[in-house]
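J.: So the sequence lines, in the order shown, correspond to chains A and B. Going by my numbering, the first residue of the first sequence is number 1, and it counts up by one from there. Going by my numbering, the first residue of the second sequence is number 1001, and it counts up by one from there. Supplied in structure tokens, the structure appears directly below.
Protein chains: 2
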Amino acid sequence: MSHLYIYSPSSAVRDRAAFRRGIARLKALGHEVEVDSDALTSHMRFAGDDATRLAAIGRAAASGADIALITRGGYGLTRLLPDLPYKAIAKAVARGTHFVGLSDFTAFQCAVAARTGAVTWAGPALGEDFGVEGEPGEIMLACFDDLASGAGEGAGWQLPRAEAREKPLHIRGQLWGGNLSVLVSMVGTPYLAPPRGGILFLEDVNEHPYRIERMLTQLLHAGILAQQKAIVLGQFTAYKTVPHDKGFKLRTVIDWLGAQVKVPVLTGLPFGHVPTKVCLPVGAKVDLVVEGRDAMVLWGHGH
Amino acid sequence: MSHLYIYSPSSAVRDRAAFRRGIARLKALGHEVEVDSDALTSHMRFAGDDATRLAAIGRAAASGADIALITRGGYGLTRLLPDLPYKAIAKAVARGTHFVGLSDFTAFQCAVAARTGAVTWAGPALGEDFGVEGEPGEIMLACFDDLASGAGEGAGWQLPRAEAREKPLHIRGQLWGGNLSVLVSMVGTPYLAPPRGGILFLEDVNEHPYRIERMLTQLLHAGILAQQKAIVLGQFTAYKTVPHDKGFKLRTVIDWLGAQVKVPVLTGLPFGHVPTKVCLPVGAKVDLVVEGRDAMVLWGHGH
């Protein structure tokens, strides 16, 4: 049984039924679930004004929980970055609290990594992942359980046939990344410290391929892609193509990216705004191993 | 009579009727209109592949025209930035060619300023401005005519009542800016060299206020806003608010911005994706003068 702390650092919770379903499910899974006093607060589009959300983050850090889980992403962390309680967050991580989330939470994760070096976890959110009607993703549940129990040592997936490797690939580097839109919005600021020799993973939602290309171009022209040992693409979902794309699609952008960089570009990582998602340690040294079509990110001590 | 050169550096022209109307109108205004051989070419969503668009830019630079005018914006310049013919563009500017455009063209303008210091013009595009059904904006026509005849010395507009100055304001600095989305996509790259003591103007289209705020936050956290002497906001249009904004709107973002910076934030600049737009010299030293509700950007020699 793990102690979970549920809080809202970004947008206001709108779907209260999903919120309740999520909490019920986590309890049914055997966890002790503590809910922050402002988890359902709202101020305009935010889960409370800036001071309220900062205080909630502070309480999450002070909670002593095994996992501090966001209710949802949305928007709101970027404007808090100068005032995040970095020391308290790093201390909590050192004591064993896993901060878990995605999407807007990428801003928190990159800033914490840049300022403190502490590792946080790209993973599910309460509402969209645990609060769904019907069954949550099996892989998500398994990975979250691994994280809660401390048993997780890695995540694997199958590459598309065209990316199969004849010779095995083994790369060691610092894993970082998350939501592409949020990540590029931090380029050039002190809250993003792209590691040299890193392994960069990316996902996004509601962004047309031309915008994905423009964002990748920023990482390219800023010299960030050239410093990576590998680029791992997760799921890019819920965008709408238009007739005048005339063949310009996500695959076009991925092929273009592959031609711009000298390092492996892998796709298919089960992470993003999708039910099937793994948990990934942002800021940790990992091994990326590819054999044939099998790709693995490994961070356990035993491998 | 001015010599105009029409070319397509970004997205493919889709509205050919507007293209033809625009050319007919420019001719009716007495201009000699030269149309690039690839102005109507298309490759996926682009006005030709990268090599084709780079060649068109080269021909525009070599044309000896008084004004090189884009057919439209869209997307496509960002990926060309490493290969733009910077020397030829700077030479053309020195010989008297005014490169005019907006939106995606911001990438061209910022990169040319960063690499060569040459001044280009934020202004209309062929299709959307000259090719409209009905009458083009009067102020746009007058400003374009001033630019073509070399008579332009400045642009003025009226501030909202709340921004009226009791004491006159007079600021001298380098004018720069354009489309916010395109501009932030260059932060951290060698194609954006934000001037210290600059006067930054911004506009955007189809971007929700929360995204405008996130983009401004990037400029803020990157230290770019603190280096400016003034921020001048043009038109932010065609975005859709949603019920869960609950009072979070463009004005919220502008007020927030005003609280983040110590310099004047002025609004109402007639520039953006609107019919009423002025022409502005990107990269030029200008005077920004405010008296009461009257704001002026002046670049003429006589003022």
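Positions of the beta carbon are idealized from the N, C-alpha and C atoms, including for glycine.
Taking the runs of the alpha helix (DSSP H) that are 4 residues or longer, which of them lie wholly in the segment 1084-1137 of chain B?
T.: 1086-1095 and 1105-1116
J.: From A:209, A:198, A:287 and A:280, pick the residue whose C-alpha is nearest to that of residue 169 of chain A; which is it?
T.: Nearest in C-alpha terms to residue 169 of chain A, of all of A:209, A:198, A:287 and A:280, is A:287.
J.: So, do the segment 1145-1164 of chain B and the segment 1078-1085 of chain B have three or more beta carbon pairs nearer to each other than 8 angstroms?
T.: no
J.: CA-CA distance, residue 289 of chain A and residue 181 of chain A?
T.: 27 angstroms
J.: If you draw a straight line from the C-alpha of residue 1232 of chain B to the C-alpha of residue 55 of chain A, how long is it?
T.: 34 angstroms
J.: DSSP on residue 1058 of chain B, reduced to helix/strand/coil?
T.: helix
J.: For the putative contact between residue 148 of chain A and residue 67 of chain A, defined by C-beta atoms under 8 angstroms, what is the C-beta separation to the nearest angstrom?
T.: 6 angstroms
J.: Who are residue 1043 of chain B's beta bridge partners in DSSP?
T.: DSSP, once it has assigned bridges, lists B:1046 as partnering residue 1043 of chain B.
J.: With distances taken between CB atoms, is the gap from residue 1205 of chain B to residue 1252 of chain B smaller than 8 angstroms?
T.: Not closer than 8 angstroms, so no.
J.: For residue 105 of chain A, go through chain B and note every residue whose CB falls closer than 7 angstroms to its CB, in chain order.
T.: Near residue 105 of chain A there are no residues of chain B at all, since even the closest Cβ is about 14 angstroms away, more than 7 angstroms.
J.: Please work out which residues of its chain come closer than 7 angstroms, Cβ to Cβ, to residue 1127 of chain B, disregarding the five sequence neighbours upstream and downstream, and give them in chain order.
T.: 1013, 1015, 1018, 1019, 1022, 1071 and 1072
J.: Nearest to residue 101 of chain A by CA position, among A:60, A:25, A:48 and A:87, is which residue?
T.: A:60
J.: Under the DSSP definition of a beta bridge, which residues are partnered with residue 198 of chain A?
T.: A:174 and A:228
J.: Does the pairing of the segment 1257-1268 of chain B with the segment 215-234 of chain A give three or more beta-carbon distances under 8 angstroms?
T.: no
J.: Beta-carbon of residue 240 of chain A versus every beta-carbon of chain B: anything under 8 angstroms?
T.: no
J.: Mind checking if residue 1247 of chain B is an interface residue toward chain A, Cβ cutoff 8 angstroms exclusive?
T.: yes
J.: Kindly list, in the order they appear in chain A, the residues whose Cβ is closer than 8 angstroms to that of residue 1185 of chain B.
T.: 184, 214, 215, 217 and 218
J.: Beta-carbon of residue 1303 of chain B versus every beta-carbon of chain A: anything under 8 angstroms?
T.: Residue placement at residue 1303 of chain B cannot be trusted, given a pLDDT of 47 that sits under 50; what the coordinates show is reported in the next sentence. It does not: the Cβ of residue 1303 of chain B has no partner Cβ on chain A nearer than 8 angstroms.
J.: Is the CB of residue 1005 of chain B under 8 angstroms away from at least one CB in chain A?
T.: Residue 1005 of chain B has a beta carbon lying at 8 angstroms or more from every beta carbon in chain A.
J.: Exposed or buried, residue 1242 of chain B, counting other C-beta atoms within 10 Å across all chains shown (16 or more means buried)?
T.: exposed
J.: Contact between the segment 264-278 of chain A and the segment 1002-1013 of chain B is defined here as three or more beta-carbon pairs at a separation below 8 angstroms; is this criterion met?
T.: no
J.: Please state whether DSSP places residue 303 of chain A in a helix, a strand or coil.
T.: Summary for residue 303 of chain A: the model assigns pLDDT 47, below 50, so the residue's position carries little reliability; its value from the coordinates is reported in the next sentence. Look at residue 303 of chain A here: in three-state DSSP terms it is coil, with no helix or strand label.
J.: Does residue 1190 of chain B come out as helix, strand or coil in the three-state DSSP assignment?
T.: Of the three classes helix, strand and coil, the one that applies to residue 1190 of chain B here is coil, per DSSP.
J.: Our contact map puts residue 1119 of chain B next to residue 1270 of chain B with C-beta atoms below 8 angstroms; I'd like the distance itself, whole angstroms only.
T.: About 20 angstroms; that fails the 8 angstroms criterion.
J.: Counting along the chain, where does the alpha helix (DSSP H) carrying residue 294 of chain A start and finish?
T.: Not the alpha helix (DSSP H): residue 294 of chain A falls in the beta strand (DSSP E), residues 294-298.
J.: Check for me: the beta strand (DSSP E) holding residue 1210 of chain B runs from which residue to which?
T.: First-last for residue 1210 of chain B: 1209-1221, but that is the alpha helix (DSSP H), not the beta strand (DSSP E).
J.: So residue 130 of chain A and residue 26 of chain A are in contact, right, with Cβ under 8 angstroms, and what is the actual spacing, rounded?
T.: Between residue 130 of chain A and residue 26 of chain A the beta-carbon gap is near 6 angstroms, inside 8 angstroms, which marks them as a contact.
J.: Determine whether the beta carbon atoms of residue 44 of chain A and residue 1246 of chain B lie at a separation below 8 angstroms.
T.: Yes, the Cβ-Cβ distance between residue 44 of chain A and residue 1246 of chain B is below 8 angstroms.
J.: For residue 167 of chain A, does the three-state DSSP call read helix, strand or coil?
T.: strand
J.: What number of angstroms, rounded off, separates the C-alpha of residue 303 of chain A from the C-alpha of residue 173 of chain A?
T.: Its pLDDT being 47, under 50, residue 303 of chain A is placed unreliably in this model, and the value from its coordinates should be taken loosely. Using only the alpha carbons, I get a separation of about 15 angstroms.
J.: Secondary structure at residue 273 of chain A, three-state DSSP: helix, strand or coil?
T.: Looking at residue 273 of chain A - three-state DSSP - the assignment turns out to be coil, as it is neither helix nor strand.
J.: Here's the rule: buried if 16 or more other CB atoms are within 10 angstroms of the residue's CB, otherwise exposed. What is residue 1 of chain A?
T.: exposed
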